[in-house]
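Enquirer:
2 protein chains.
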Amino acid sequence: MAPRTQPIVEAESKSRRPGRPRRFETTKVLDSALELFWRQGFANTTTRDLESKLFLNQSSIYNAFGSKEQLFELVLDRYEVLTYEALLKPLEESKDGIESLRKFFIDLHQWVTNDGRRGCMLINMMAEDGGISESITARTTAYRKRVKKGIKGALRRAVEKNEISDGPVDARTIILFGLALGINIAARGGASNHEIKELVSAVQGQIQSWRTDWH
Amino acid sequence: MAPRTQPIVEAESKSRRPGRPRRFETTKVLDSALELFWRQGFANTTTRDLESKLFLNQSSIYNAFGSKEQLFELVLDRYEVLTYEALLKPLEESKDGIESLRKFFIDLHQWVTNDGRRGCMLINMMAEDGGISESITARTTAYRKRVKKGIKGALRRAVEKNEISDGPVDARTIILFGLALGINIAARGGASNHEIKELVSAVQGQIQSWRTDWH
Chain A
1 MAPRTQPIVE
11 AESKSRRPGR
21 PRRFETTKVL
31 DSALELFWRQ
41 GFANTTTRDL
51 ESKLFLNQSS
61 IYNAFGSKEQ
71 LFELVLDRYE
81 VLTYEALLKP
91 LEESKDGIES
101 LRKFFIDLHQ
111 WVTNDGRRGC
121 MLINMMAEDG
131 GISESITART
141 TAYRKRVKKG
151 IKGALRRAVE
161 KNEISDGPVD
171 ARTIILFGLA
181 LGINIAARGG
191 ASNHEIKELV
201 SAVQGQIQSW
211 RTDWH
Chain B
1001 MAPRTQPIVE
1011 AESKSRRPGR
1021 PRRFETTKVL
1031 DSALELFWRQ
1041 GFANTTTRDL
1051 ESKLFLNQSS
1061 IYNAFGSKEQ
1071 LFELVLDRYE
1081 VLTYEALLKP
1091 LEESKDGIES
1101 LRKFFIDLHQ
1111 WVTNDGRRGC
1121 MLINMMAEDG
1131 GISESITART
1141 TAYRKRVKKG
1151 IKGALRRAVE
1161 KNEISDGPVD
1171 ARTIILFGLA
1181 LGINIAARGG
1191 ASNHEIKELV
1201 SAVQGQIQSW
1211 RTDWH
């Protein structure tokens, strides 16, 4: 997935109407909106919240982005780029086997807890939307597919390097993926830092238990 | 946790004002509201949705239950009773070891997918609320604690029966619990039936891999 910057540019050009000077930088505005939607979810974020967070009035927001839904789509584009850089690229581009999995879960732990963040915004949207919106479902389905592919690639590298036994790679992929979902939802829903750490540690232990030299 | 029926009775008496005959059965109304909130979440369920689903107008709803928030608290009480009967009681009261875990994940799979349901309502609320409401967080924290305790009890029985090796019961508890969360969120967020089944099968495989007679 190449970073999708096109819609961001579109929004910028939309806001440049004749005689209406563009008064804000789209990327900065999207990052602020992202922070808000990430913390509060889509339904719970009101136009008033957006006005106050983005330092823009309603009509400027709607002139630039169309609607709350359209703004959110751009925010999701931006989120996908950021997640890719922080989580998936290191996993996909690594030459390591088991070490790249260990690192992925450290990165994931950070991603879902740092700066008062709560979970992965896309996984949160799986819960909030409940598979109703086609656009959200398409994104979250693609995201799950991609995470599983990344995990599977790392498990295969680990087998090739003889770090882990040539076991059931597909089943192990799904176990680690299911646990990644579990970590997300724990981080989202008010589990204590201790509880989340305990979960991440158990996952690291699970990965280590597959090592050929583990006993 | 004893089934909490008290608030339901309170709501019933509230609706019995002099000269205002009670026109509906509270439990039936709560079950209908439960179906709606379970599918749509709290924020996405409007008063209009409730009116149409409950066959009651707004003022009847508010006379009987106070507010959408207060109605939702009663719905959560009811949900906890139902979840206890369907999922936790069988796990807690079983004398079986590994078989009770196998059954728990079968029950969970049914619970989160049957009748067009999407996930466990309490786990969905972890995601939707994001740990903001104290009342929701207290409920979901208690629920997580209880599920973990049930899983741990079953793993201990399995060790006592020599079904599984005397391994790290705490870590295994957390792994299974994390996977239960993962199954919930997959069921909630538009994962296909195939994807959910794959996840549940991988969990069953994980449990079986701990068997002393497994190779």
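Here the protein sequences line up with chains A and B, keeping their order. Going by the numbering used here, the first residue of the first sequence is number 1, and it counts up by one from there. Going by the numbering used here, the first residue of the second sequence is number 1001, and it counts up by one from there. Ideal Cβ placement from N, Cα and C applies to all residues, glycine included.
Counting C-beta neighbours from all protein chains within 10 Å, is the total for asparagine 1162 of chain B 16 or more, i.e. buried, or is it exposed?
Expert: Classification of asparagine 1162 of chain B: exposed, given that the 10 Å Cβ count is below 16.
Enquirer: From the DSSP secondary-structure annotation, give me the bridge partner or partners of isoleucine 164 of chain A.
Expert: According to DSSP, which records beta bridges pairwise, isoleucine 164 of chain A is partnered with A:Arg211.
Enquirer: Examine the Cβ distances between the stretch 1023-1042 of chain B and the stretch 1052-1070 of chain B and report whether three or more of them are shorter than 8 angstroms.
Expert: These segments touch.
Enquirer: Can you tell me the Cα-Cα spacing of proline 21 of chain A and leucine 74 of chain A, whole angstroms?
Expert: For proline 21 of chain A, the predicted structure reports a pLDDT of 45, less than 50, and the residue's modelled location is therefore unreliable. A value from the coordinates is still provided. If you take the alpha carbons of proline 21 of chain A and leucine 74 of chain A, they lie about 21 angstroms apart.
Enquirer: Apart from the five residues just before and just after glutamine 1206 of chain B, which ones in its own chain have a Cβ nearer than 8 angstroms to its Cβ?
Expert: The answer, listed in chain order, is Ile1175, Leu1176, Leu1179.
Enquirer: Counting only the same chain and skipping the five closest in sequence on each side, list residues whose C-beta sits under 7 angstroms from that of proline 168 of chain A.
Expert: Closer than 7 angstroms at the Cβ level, and outside the excluded window around proline 168 of chain A, lies no residue.
Enquirer: Could you name the residues of chain B that glutamine 110 of chain A contacts, counting a contact when the two beta carbons are closer than 9 angstroms?
Expert: Those do not exist, as glutamine 110 of chain A stays about 17 angstroms from chain B at its closest Cβ, beyond 9 angstroms.
Enquirer: Looking at the C-beta of methionine 1126 of chain B, does it have a partner C-beta in chain A at a distance below 8 angstroms?
Expert: Taking Cβ atoms only, chain A reaches closer than 8 angstroms to methionine 1126 of chain B, which makes this a yes.
Enquirer: If you run the structure through DSSP and keep just helix, strand and coil, what is alanine 1011 of chain B?
Expert: Reliability of the predicted coordinates at alanine 1011 of chain B is poor, the pLDDT of 42 falling under 50, and the value obtained from them is presented with this limitation in mind. Reduced to three states, the DSSP call for alanine 1011 of chain B is helix.
Enquirer: Can you tell which of B:Cys1120, B:Glu1128, B:Leu1181, B:Ser1135 has its C-alpha closest to the C-alpha of lysine 1148 of chain B?
Expert: Of B:Cys1120, B:Glu1128, B:Leu1181, B:Ser1135, the residue nearest in Cα terms is B:Leu1181.
Enquirer: Counting only C-beta atoms, is arginine 39 of chain A closer than 8 angstroms to chain B at any point?
Expert: Closer than 8 angstroms: yes.
Enquirer: Does the beta-carbon of asparagine 184 of chain A have 16 or more other beta-carbons within 10 angstroms, so that it is buried, or is it exposed?
Expert: Buried, since its Cβ has 16 or more Cβ neighbours within 10 Å.
Enquirer: Determine the burial state of aspartate 1129 of chain B: buried for a count of at least 16 other Cβ atoms within 10 Å of its Cβ, exposed for fewer.
Expert: Burial call: buried.
Enquirer: Taking the alpha-carbon positions, what's the lysine 1068 of chain B to histidine 1109 of chain B distance?
Expert: The alpha-carbon atoms of lysine 1068 of chain B and histidine 1109 of chain B are separated by roughly 29 angstroms.
Enquirer: For arginine 1144 of chain B, which residues in chain A fall below 9 angstroms Cβ to Cβ?
Expert: Near arginine 1144 of chain B (Cβ distances below 9 angstroms), the residues of chain A are Ala186, Gly189, Ala191, Glu195.
Enquirer: Any C-beta of chain A sitting closer than 8 angstroms to the C-beta of glutamate 1099 of chain B?
Expert: With 8 angstroms as the cut-off, glutamate 1099 of chain B does not count as an interface residue toward chain A.
Enquirer: Taking 8 angstroms as the threshold (C-beta atoms), are isoleucine 1098 of chain B and arginine 1211 of chain B in contact?
Expert: Taking 8 angstroms as the Cβ cut-off, arginine 1211 of chain B and isoleucine 1098 of chain B qualify as a contacting pair.
Enquirer: Comparing the C-beta of proline 21 of chain A with each C-beta of chain B, is any distance below 8 angstroms?
Expert: With a pLDDT of 45 at proline 21 of chain A, under the threshold of 50, the modelled position of that residue is not reliable, and the figure given next carries that caveat. No, proline 21 of chain A does not count as interfacial toward chain B.
Enquirer: Taking 7 angstroms as the line, does the beta carbon of leucine 1181 of chain B fall inside it for any heavy atom of the ligand MN?
Expert: No copy of the ligand MN appears in this structure; indeed no ligand is present at all.
Enquirer: Return the residue from the list A:Ala191, A:Asp213, A:Arg172, A:Lys89 that minimises the CA-CA distance to threonine 1141 of chain B.
Expert: Minimum Cα distance to threonine 1141 of chain B is reached at A:Ala191.
Enquirer: Nearest chain A C-beta to glutamate 1051 of chain B closer than 8 angstroms, yes or no?
Expert: So, not an interface residue.
Enquirer: On a CA-only basis, which of A:Glu25, A:Arg157, A:Phe65 is nearest serine 100 of chain A? Give me that one, please.
Expert: Taking only the C-alpha atoms, the option nearest serine 100 of chain A is A:Arg157.
Enquirer: So, at 8 angstroms on beta carbons, what are the nonlocal neighbours of asparagine 193 of chain A in its own chain, with the 5 sequence-adjacent residues on each side left out?
Expert: Closer than 8 angstroms at Cβ, skipping near neighbours: Thr113.
Enquirer: What do you get for threonine 46 of chain A, buried or exposed, if any count of 16 or more other CB atoms within 10 angstroms of its CB means buried?
Expert: It is exposed - the Cβ of threonine 46 of chain A has fewer than 16 other Cβ atoms within 10 Å.
Enquirer: Return the chain-ordered list of same chain residues with a C-beta closer than 6 angstroms to the C-beta of tyrosine 143 of chain A, the five sequence neighbours on each side being excluded.
Expert: For tyrosine 143 of chain A, where only same-chain residues beyond five positions count, the Cβ hits under 6 angstroms are Leu122.
Enquirer: DSSP on leucine 56 of chain A, reduced to helix/strand/coil?
Expert: Looking at leucine 56 of chain A - three-state DSSP - the assignment turns out to be coil, as it is neither helix nor strand.
Enquirer: Does the Cβ-Cβ distance between threonine 1251 of chain B and isoleucine 1151 of chain B come in under 8 angstroms?
Expert: What the structure shows of chain B is the stretch from 1001 to 1215, and residue 1251 of chain B is not part of that stretch, so it cannot be assessed.
Enquirer: For alanine 1187 of chain B, I'd like the list of residues in its chain whose CB is within less than 7 angstroms of its CB, leaving aside the five on either flank, ordered along the chain.
Expert: Around alanine 1187 of chain B: Val1112, Thr1113, Arg1118, Gly1119, Ile1196.
Enquirer: When the Cα atoms are used, what is the spatial distance from glutamate 35 of chain A to aspartate 77 of chain A?
Expert: Taking the straight line from one Cα to the other gives about 14 angstroms.
Enquirer: Taking 8 angstroms as the threshold (beta carbon to beta carbon), is alanine 1158 of chain B in contact with chain A?
Expert: No, alanine 1158 of chain B does not count as interfacial toward chain A.
Enquirer: In terms of alpha-carbon separation, which member of B:Asp1115, B:Glu1160, B:Gly1116 lies closest to lysine 1095 of chain B?
Expert: Measuring from the Cα of lysine 1095 of chain B, the nearest candidate turns out to be B:Glu1160.
Enquirer: How is the alpha helix (DSSP H) around tyrosine 84 of chain A delimited, first residue to last?
Expert: No alpha helix (DSSP H) contains tyrosine 84 of chain A, which DSSP labels as neither H nor E.
Enquirer: Is glycine 1116 of chain B buried or exposed, if buried means 16 or more other CB atoms sit within 10 Å of its CB?
Expert: By the 10 Å Cβ count, glycine 1116 of chain B comes out exposed.
Enquirer: Taking C-beta to C-beta, are methionine 125 of chain A and phenylalanine 42 of chain A nearer than 8 angstroms?
Expert: The answer is yes: Cβ separation under 8 angstroms.
Enquirer: Of all the CB atoms in chain A, is at least one closer than 8 angstroms to the CB of glycine 1150 of chain B?
Expert: So, not an interface residue.
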